[in-house]
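Each remark here refers to the structure printed beneath this line.
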Amino acid sequence: MTKQYADGKMLAEVEDGVGLITFNQPEKRNAMSVGMWHGLTDILAEFEADDAVRVVILTGAGHKAFVSGADISQFEQNRADSNAQVEYDKVTSAGRAKLAAFPKPVIARIRGFCLGGGLGIAMQADLRIAAEDSQFGIPAARLGIAYGWDMVSRLVSLVGQAHARTLLFTGERLDSAEAGRIGLVNRVVPDEELNETVLAMARTIADNAPLSVRAAKFAVNQTVRPESERDIASVYAAVAACFDSADYKEGRTAFMEKRRPKFQGR
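Residue numbers for the sequence shown follow our numbering, so the first one is 720 and each next one is one higher.
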């Protein structure tokens, strides 16, 4: 069953351990409104609490865009000056922070335009799989705006300072091949194979032991944090929880019995 948020501009559904979040404003190339940011935060909170969800896919409605950026029609209302921008940032930063802290794996399924704030959303996913027709860019310099710490630091962590400077200074777009070359996306596939490729990857992840996958995500996330902020103790606590879990026993038993394990996430 598909649930609607933000007046139908955000959609959520769950099937076979996979949660699907759809940015659903195709007439505006899925540009993000303030309401859609609230909807994204609400969906992520529900998916985090739902043990049936083991992995999440982010995708855009239609074939023209993942998310083309912010809904410019709202700029006069929500981003007219620095004071308005502060309030707008509170909403968007909360959404990105919720996505960054989401404990389960997230895959961005990208087709078409992935620009500005849309790229900011995709960058917070753990994996980015793009169709060959995808385009990426950060046009802030062409609009007279700038992005804050969370988005810029994430960009640098993925592509390095040199490529980040080029993207931010020029505002130029990259095709999917170049995005793959610099590490902005994990994989590029033919357009007609995108859905199948991402779904197969999501199902593979969903079939694995949830505690193991979450422990791996948490550990990797600590490596990109400043050394003084890394929670190494929790990394080892997550490792210990895996070894003490019923899933570890199931994994050993299934291996000895030469069958596929049936993990329960406990």
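Heads up, the beta-carbon is just placed ideally off N, CA and C, and yes, glycines get one too. Bear in mind the structure is a predicted one, so any value in this text is a computation, not a measurement.
Can you check whether the CB of residue j is closer than 8 Å to the CB of residue i?
i    : j    : result
A750 : S787 : yes
S895 : A850 : yes
N940 : I848 : no
V774 : V733 : no
D966 : Q983 : yes
L930 : A960 : yes
D869 : S812 : yes
A789 : G863 : no
F937 : A957 : yes
F855 : R892 : yes
L838 : I826 : no
G817 : L763 : The sequence shown places Lys at residue 817, not Gly. Result yes, Cβ atoms of K817 and L763 sit closer than 8 Å.
T741 : A768 : no
C833 : S853 : yes
Near residue i, what residues of its chain come up, given a Cβ to Cβ distance below 8 Å and the 5 sequence neighbours on each side ignored?
i    : result
N914 : R828
A925 : D735, G736, V737, R773 and V774
G867 : D808 and S812
K981 : E969 and A973
R933 : P822, K823 and A957
F888 : A860
E765 : A731
In angstroms, rounded to a whole number, what distance separates the CA positions of residue i and residue j?
i    : j    : result
Q804 : V810 : 10 Å
E746 : G831 : 14 Å
H782 : P909 : 13 Å
Y724 : L730 : 6 Å
I951 : A819 : 18 Å
T760 : K968 : 35 Å
L874 : T972 : 42 Å
L777 : P824 : 11 Å
R726 : T916 : Residue 726 is actually Asp in this sequence, not Arg. Spanning the two alpha carbons is a distance of roughly 30 Å.
Q880 : S872 : 9 Å
P945 : M975 : 42 Å
E912 : L846 : 16 Å
A935 : R979 : 21 Å
A865 : E806 : 15 Å
According to the neighbour-count rule (16 or more other Cβ atoms, all chains shown, within 10 Å of its Cβ), is residue i buried or exposed?
i    : result
K977 : exposed
A928 : buried
P822 : exposed
L785 : The residue asked about is misnamed: residue 785 is Phe in this sequence, not Leu. Answer is buried; the Cβ neighbour count reaches 16.
R815 : buried
V943 : exposed
S752 : buried
R748 : buried
Where does the unbroken beta strand (DSSP E) through residue i begin, and where does it stop?
i    : result
L670 : What the structure shows of the chain is the stretch from 720 to 985, and residue 670 is not part of that stretch, so it cannot be assessed.
I829 : V825 to I829
Residue range of the alpha helix (DSSP H) that residue i falls in?
i    : result
A859 : A859 to L862
V875 : W868 to T889
E976 : Element bounds for E976: n/a, residue is neither H nor E.
T760 : V753 to A768
Q843 : G836 to Q843
E915 : L913 to D926
Q941 : P929 to T942
F962 : I951 to F962
Can you name, in chain order, every residue of its own chain whose Cβ lies under 6 Å from the Cβ of residue i, other than the five neighbours on each side?
i    : result
G902 : L877 and V878
K728 : N743, Q744 and M755
A986 : Absent from the model: residue 986. The displayed extent of the chain is 720 to 985, so no value can be given.
L739 : E732 and I776
G758 : Y724, A725 and M729
L886 : I857
What residues in its chain sit with their C-beta under 7 Å from that of residue i, if we drop five residues either side in the sequence?
i    : result
V907 : A849, E851, S895, A896 and G899
D770 : G984
H882 : I901
M720 : E732
Q793 : S752 and V753
Just checking: is the beta-carbon of residue i within a distance shorter than 8 Å of some beta-carbon in chain D?
i    : result
I864 : Here chain D cannot be found, since the structure has a single protein chain.
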